[in-house]
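Residue numbers (this note's numbering): 2 to 222.
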């Protein structure tokens, strides 16, 4: 996992942020606070968050889903560019991590756009499909939670996203380890196998980007 784009030197990463990043003061402070967290690498890269903002604006997205919240940087980025009546459903299991997120969401004035659900993500996704009848109702879904459950998250999000909607999967490089599938680590094997499955999945149009720790975009046909 990485909160900067893989393969970039420190100088080039700094240049990228200097000439490209447009980040609100609240987002900047949340990013900096999270950098001191023991799990800081779980935070997405700022250039990745800005890229998602641009995608959502191009799509005119109104309803979005996030699987894995951590301290809320990506959710804050998304909510910030949603229209006033836009909504983000955010799934996580940690009250401790998301308490930080909620503090910054409130300060940024976007908390009322975010429906935070604290529960195992698979259970929340099944509930959304079977009890709330939310099939094909989301414009965008971002998957960035425990990697061993990525295949299930992907399948559930495919049902929740509308035709023409977009799914983004984070950490599809796994620090470059997916290029060495002989590595005996379950999360690497799972992501490697899912990458191959998505490559031949005719339900979606895809692009895997060398952004941050690898971001796969899958547009539902």
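Glycine is no exception: its CB is placed at the ideal position from the N, C-alpha and C atoms.
Which of helix, strand or coil DSSP assigns to residue i
i: residue 10; result: coil
i: residue 206; result: strand
i: residue 221; result: strand
i: residue 56; result: helix
i: residue 216; result: strand
i: residue 46; result: coil
i: residue 104; result: helix
i: residue 85; result: coil
i: residue 135; result: coil
i: residue 51; result: helix
Local Cβ density within 10 Å of residue i, reported as buried at 16 or more and exposed below that
i: residue 150; result: buried
i: residue 1; result: Look at the range of the chain in this structure, 2 to 222, and you will see that residue 1 is not part of it.
i: residue 49; result: buried
i: residue 28; result: buried
i: residue 144; result: buried
i: residue 132; result: exposed
i: residue 184; result: exposed
Among the options, the one whose alpha carbon lies nearest that of residue i
i: residue 137; options: 222, 30, 39 and 8; result: 222
i: residue 24; options: 10, 42 and 55; result: 55
i: residue 162; options: 119, 129 and 120; result: 129
i: residue 210; options: 42, 10, 26 and 53; result: 53
i: residue 168; options: 152, 71, 9 and 42; result: 152
i: residue 33; options: 190, 172, 148 and 73; result: 73
Enclosing beta strand (DSSP E) for residue i [first to last residue]
i: residue 117; result: 115–119
i: residue 168; result: 162–171
i: residue 143; result: 139–144
i: residue 31; result: Per DSSP, residue 31 belongs to no beta strand (DSSP E); it is in the alpha helix (DSSP H), 26–36.
i: residue 65; result: 64–68
i: residue 149; result: From DSSP, residue 149 is part of no beta strand (DSSP E); its letter is neither H nor E.
i: residue 89; result: 88–93
Host alpha helix (DSSP H) of residue i (start-end)
i: residue 188; result: 187–200
i: residue 81; result: 74–82
i: residue 175; result: Per DSSP, residue 175 belongs to no alpha helix (DSSP H) and is neither H nor E.
i: residue 181; result: From DSSP, residue 181 is part of no alpha helix (DSSP H); its letter is neither H nor E.
i: residue 237; result: In the structure as shown, the chain begins at 2 and stops at 222. Residue 237 is therefore absent and cannot be evaluated.
### Task
Could you tell me whether the stretch 81–95 touches the stretch 110–122, where touching means 3 or more Cβ pairs closer than 8 Å?
yes
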